[in-house]
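Residue numbers (UniProt numbering): 1 to 412.
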Amino acid sequence: MTAPASTSPHASAALDEARRLFAHVSGRQPDGVWSSAGRANLIGEHTDYNEGFVLPFAIQHRTYAAAGLRSDGGDPRIRVASTFAAGAVELAVGSLAATFDGPAGTAVADGAVPEWAAYALGVAWAALAATGRSADELPGVDIAIASDVPVGAGLSSSAAIEGAVASALNEVWGLGLPPLEMALIGRRAENEAVGAPTGVMDQVSSIMGRADAATFLDCRSLDTQSVDLGFAAEGLELLVIDTGVKHSHATGGYRDRRDACERGAAALGVAALRDVPAADLDRARDLLDDATFRRVRHIVTENQRVLDTVGALRTSGPRAIGDLLVASHASMRDDFEISVPELDVAVETAVAEGAVGARMTGGGFGGSAIALVEAAASAPVTAAAEAAFAARGFAAPHCFTVIPSQGARRDA
Ligand code: GAF
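Structure (C-alpha cells):
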C-alpha cells in the first residue's frame with residue numbers, strides 16, 4: 001500500500017522524468033513544467049454526459065508536461081514525447097486541423113497518430129480552434145510528458161495528460177484560457193481527436209480540483225462548487241482498490257451505455273436524462289424496454305444520490321455518506337451493469353471489513369473501487385481485499401490511499 005502524503009511519493013520523480021525526457025528529446029532545458037491531477041469520482045457515475053451532477057476530486061497522482069518554445073521560423077512544429085511510449089511524434093502546427101478535423105478518432109484509427117500522442121496533440125488542435133489562433137501566428141513547441149497516474153485504473157490518466165498539456169500551451173502560447181475552457185478543450189481532444197465519447201467530469205476535476213475538497217459540477221450549466229471533504233479531520237482515508245482489470249472508453253460498453261441513455265431520453269421526450277424526475281420512472285418503465293429502463297433509472301437515482309451526498313457532506317460530514325456510496329455501487333452493478341466481479345468483490349470486502357462506504361469509481365468495466373475507511377483500517381481492508389481476490393483466483397489488486405488534491409498548476 002502506498003503511504004499517504006501531501007503529494008504522491010513519486011510526484012517529484014515524474015516531474016524530473018518529464019524534464020529529463022524534454023532535455024533528451026530537445027537538447028535543451030524546458031521553459032517550464034506544468035501538471036494536472038488524476039481524479040477519483042466520489043459519486044455521480046455516467047451522469048456527466050446526461051447533463052446531470054458529479055462529485056469527483058483530484059488526487060495526488062499527477063501528469064507533468066515539460067514544455068519549451070522552438071525556433072522553427074516559417075514552419076512551426078509541435079513535437080510530443082512521453083514516457084508511455086518510445087519515440088517522439090512531430091507535426092507542423094499548421095497540419096493539426098487537417099489531422100484532427102475529420103470524423104472522431106480517425107487519425108488514431110488510421111494509425112496517423114498514436115493514441116497517447118492524440119491526447120496531447122488533440123489539445124493543441126482544440127486550443128487553436130477554441131481561441132481562433134492560426135498556426136502561423138504561434139511559435140513551435142516541444143512537450144515531454146511523464147506521469148505517476150496509474151494507467152487504466154479508472155483514475156483519469158487521460159484527463160491528466162490533457163490538463164497538463166492545456167496548462168503548458170496556455171502559458172507558452174499566451175492563450176489566456178480560464179480553467180473551465182481548458183477542461184472543455186481537453187474533453188474535445190478526448191472526444192474528437194482520440195474518439196472516446198466521454199463527458200466533461202474528468203477534465204474539470206483534473207484541472208479545477210482543490211486540496212481537501214471535491215468539485216460539485218452541474219454538467220448542464222457547468223457551474224462548479226467546491227465541497228469540503230474533511231476525510232483527514234475525521235480520521236478517515238480514501239482507499240483505492242485497483243482491480244487491474246483494464247478498460248477502454250473509446251470502444252465497447254461505455255459507448256453502448258451512452259447510446260442507451262440517449263435512446264431513453266429520446267423515448268421520454270426530454271433533452272437529457274437530467275430532465276427525468278424520479279416521479280416519472282413509473283411512466284418510463286411502461287415506455288422503455290427493461291434494459292433501457294434500468295439505464296435510465298440509474299441516471300435518475302444517481303443524480304439524486306450526488307445531491308444527497310453534497311447535502312450530507314455539508315451538514316453532517318463524510319461519515320454520513322456511506323450508504324449513498326454503497327447504493328451507487330448497487331445501481332451500477334444491477335441497473336447500469338458496468339461493474340465486473342473484481343469490483344463487486346472489492347466493494348463487498350471493504351464493506352464487510354467495516355468501511356464507511358465503498359463503490360466502483362469511473363466509467364466501469366474494470367478499473368478501481370474506492371472505499372472510505374477509518375485511517376487505521378486501510379491496511380486490514382487492503383489485506384482482506386488481497387485475500388478475497390486470491391480466494392477467487394483474481395490477480396492481486398493494487399491498493400493505495402488517495403488524497404483530495406489541487407488540480408492543474410505550474411510546477412517549475
Ligand atoms: C469516464 C468518462 F471519461 C467520464 O466523462 C464519465 O462519464 C465517467 O467515465 C463515468 O462517470 O471517466
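Virtual Cβ for every residue (Gly too), placed ideally from N, Cα, C.
Under a three-way DSSP split, which group does residue i fall into?
i	result
I338	coil
D60	The sequence given here places Gln at residue 60; Asp does not occur at that position. Three-state result, Q60: strand.
H10	Low per-residue confidence applies at H10: pLDDT is 47, beneath 50, and the placement is therefore not dependable, though the value from the model is reported in the following sentence. Here H10 sits in coil by DSSP.
S26	helix
A40	strand
R257	helix
L169	helix
S316	coil
T47	coil
M1	Residue confidence is low: M1 scores 36 on pLDDT, short of 50, so the model does not pin down where it sits. Its coordinate-derived value is still stated next. Reduced to three states, the DSSP call for M1 is coil.
R70	coil
E353	coil
A144	strand
D242	strand
F293	helix
G362	coil
A164	helix
V326	helix
V149	coil
S157	helix
S405	coil
Over what stretch of residues does the beta strand (DSSP E) that includes residue i continue unbroken?
i	result
F400	H398 to V402
E90	A85 to A92
T106	T106 -> not in any beta strand (DSSP E); alpha helix (DSSP H) instead, spanning T106 to A109.
A213	A213 to D218
S368	S368 to E374
V227	T224 to D228
V80	R77 to S82
Taking 8 Å as the cut-off, is the C-beta of residue i nearer than that to any heavy atom in ligand 1?
i	result
G362	yes
D136	no
V54	yes
D202	yes
T309	no
D242	no
E192	no
H398	no
E45	yes
T63	no
N170	no
G105	no
N303	no
Y119	no
A371	no
D48	yes
S316	no
S156	yes
E83	Rather than Glu, the amino acid found at residue 83 in this sequence is Thr. Not under cutoff, so the answer is no.
T99	no
residue 437	Here the chain covers residues 1 to 412 and nothing more, so residue 437 does not appear.
A196	yes
A159	yes
Residues in the same chain with beta-carbon distance under 6 Å from residue i, minus the five sequence neighbours each way, listed in chain order, please.
i	result
F22	P30, A66 and A144
A350	A358, A371 and V381
S6	Note that S6 scores 40 on pLDDT, short of 50, meaning its location in the model is unreliable; the coordinates nonetheless yield the value given after this. Answer for S6: no residue qualifies.
E342	T243, V245 and F394
D411	L15, V33 and S35
L217	V54, V204 and T224
A3	The pLDDT assigned to A3 is 36, lower than 50, so where the model puts this residue is not dependable; a value taken from the coordinates is nonetheless given after this. Counting only Cβ-Cβ distances below 6 Å, and skipping sequence neighbours, we find nothing.
In chain order, what residues of the same chain lie with their CB nearer than 7 Å to the CB of residue i, ignoring the 5 residues before and after it?
i	result
A88	V25, R79, V80 and A81
R28	G68
G322	V356, G357 and L372
A18	V33, Y64, A65, A66, A144, I145 and A146
G264	L273, L288, T292, R295 and V296
R392	V345
Which stretch, first to last residue, makes up the alpha helix (DSSP H) that contains residue i?
i	result
T131	E115 to T131
A384	S378 to A391
D286	L281 to L287
Q203	M201 to M208
I185	P179 to R188
L96	L96 to F100
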